[in-house]
DNA sequence: AACGATTAGATCGTGTGCGATGTAAACCGG
DNA sequence: CCGGTTTACATCGCACACGATCTAATCGTT
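Residue numbers (the UniProt record's numbering), protein chains in the order written: chain B, 1 to 155; chain F, 1 to 155.
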């Protein structure tokens with residue numbers, strides 16, 4: 001990937017790992033949309049609900065650390081989930097700076113439904129559990145390398 | 001990935017291949033930003049320039065097929081690249097419906113610079129050429145499976 | 001030649017993402 | 001206990017990304 005195979009230009013799209021990730025992310029979005037749309041959810045909203053399913057009463061910052069997003073993205077997203085009745089937001093009594101987010105019963109039920117349909121799609125990927133796990137592990141390792149690079153730049 | 005390991009909920013974020021892809025895509029964006037920002041480019045703009053580097057005088061549709069985007073995303077992006085002087089857009093004389101996009105000399109020089117810095121980052125990923133190629137191939141296969149799923153749904 | 005169907009781009013509205021900045025609460029050294 | 005710093009979240013502006021829709025050009029059939 002670091003060196004050119006063709007004559008005219010430095011890098012071709014097809015040799016780039018980042019484009020493979022970029023385009024596959026788009027493909028996942030397109031695949032999930034027809035599943036999530038009838039439920040009234042976007043893909044990032046679904047990820048946030050999954051995070052809350054793992055640990056309820058999280059702060060905005062904790063959710064952000066889990067899904068790699070900041071408050072500037074999460075605050076409007078959470079407000080939409082709240083308006084839809086899927087979550088509740090309230091200031092922490094002990095530290096008024098923090099906002100605690102919790103699933104409503106309706107949100108928990110929705111998450112349950114979304115997970116069920118999602119598991120069907122996992123089967124459609126045509127990967128064995130071992131293949132999927134090996135691939136996932138390699139990708140996450142790459143992600144962590146990238147995050148370390150960015151963190152080192154910021155100091 | 002298709003079956004639950006935990007007791008309380010269906011799926012955990014950490015077992016999901018789609019979240020690995022999603023979060024790694026974000027990590028790539030964050031890693032490329034400090035490289036591309038000084039050049040006045042966004043990451044999708046860079047991908048489009050790369051596509052034009054491979055084949056100049058492409059139509060909007062051809063670019064879209066290459067980077068998996070539609071005209072609703074590409075038209076404004078191309079207008080910004082045009083306003084910056086990196087590309088030229090003109091209607092095809094033979095078929096006035098089509099718009100031909102070409103790199104200006106300035107755009108070609110910019111692409112050259114961007115590629116150079118990008119190759120440095122490829123080294124930082126700490127993957128051998130063989131590892132990177134194997135990983136890229138597996139991800140692209142997954143992408144193609146997903147795209148086939150979506151295409152079959154549309155008919 | 002004529003006209004309905006198809007195709008290529010463009011436009012619009014909504015929802016992310018994120019850098020930069022704002023605001024209020026909590027912390028902390030003196 | 002007080003003023004400066006840090007922290008947590010919110011706000012704003014810009015740039016994707018995409019479904020839905022529009023317009024203009026081309027094609028196909030008669």
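The beta-carbon is built from N, C-alpha and C at its ideal position, and this holds for glycine as well.
In the structure shown, residue 58/F adopts extended strand secondary structure according to DSSP, grouped into three states.
Linking residue 56/B to residue 96/B through their CA atoms gives a straight-line distance of about 18 angstroms.
Here residue 31/F is near residue 149/B, since their CB atoms are less than 8 angstroms apart.
Comparing C-alpha distances from residue 92/B to each of 107/B, 101/B, 141/B, 86/B shows the shortest one belongs to 101/B.
Boundaries of the alpha helix (DSSP H) harbouring residue 124/F: 105-124, taken from the DSSP string. With fewer than 16 other beta carbons inside 10 angstroms of its own, residue 71/F counts as exposed.
Taking every protein chain shown into account, the CB of residue 45/F has 16 or more other CB atoms within 10 angstroms, so this residue is buried. Listed in chain order, the non-local C-beta contacts of residue 51/B below 8 angstroms within the same chain comprise 58, 63, 66, 67, local neighbours out to five positions each way being set aside. With fewer than 16 neighbouring CB atoms inside 10 Å of its own CB, residue 128/B falls in the exposed class.
Residue 88/B: member of the beta strand (DSSP E) spanning 87-91, first to last residue. When secondary structure is reduced to three states using DSSP, residue 128/F falls in the coil class, being assigned neither helix nor strand. With respect to residue 103/B, residue 61/B sits apart: the two C-beta atoms are not nearer than 8 angstroms.
In this structure, residue 84/F lies near residue 40/F, with their beta-carbon atoms less than 8 angstroms apart.
Near chain B, meaning a CB-to-CB distance below 9 angstroms, the residues of the stretch 21-48 of chain F are 21, 22, 23, 24, 25, 26, 27, 28, 29, 30, 31, 32, 33, 34, 43, 44, 47. Taking 8 angstroms as the CB threshold, residue 124/B lines the interface with chain F.
Between residue 35/F and the set 119/F, 80/F, 82/F, the nearest pair of CA atoms involves 119/F. With its beta carbon less than 8 angstroms from one in chain B, residue 147/F belongs to the interface. In its chain, beyond the 5 residues on either side, 13 have a beta carbon closer than 6 angstroms to the beta carbon of residue 19/F. It is roughly 46 angstroms from the alpha-carbon of residue 77/B to the alpha-carbon of residue 94/F. Identification of chain F residues near residue 87/B by a Cβ-Cβ cut-off of 7 angstroms yields none; the smallest Cβ-Cβ distance measures about 15 angstroms.
Taking the C-beta atoms as reference points, residue 139/B is found no nearer than 8 angstroms to residue 145/F.
Straight through space, the alpha carbons of residue 49/B and residue 10/B are spaced by roughly 42 angstroms. For the pair residue 132/B and residue 125/B, the CB atoms are nearer than the 8 angstroms cut-off. Distance from the CA of residue 136/B to the CA of residue 86/F, rounded to the nearest whole angstrom, comes to 37 angstroms. The shortest C-alpha to C-alpha distance from residue 29/F to any of 106/B, 134/B, 22/B is the one to 22/B. Annotated three-state conformation of residue 97/B is coil, per DSSP. Using a CB distance cut-off of 8 angstroms, residue 51/F counts as an interface residue toward chain B. Taking 9 angstroms as the upper bound on Cβ-Cβ separation, chain F lies near residues 66, 67, 68, 69 of the stretch 56-72 of chain B.
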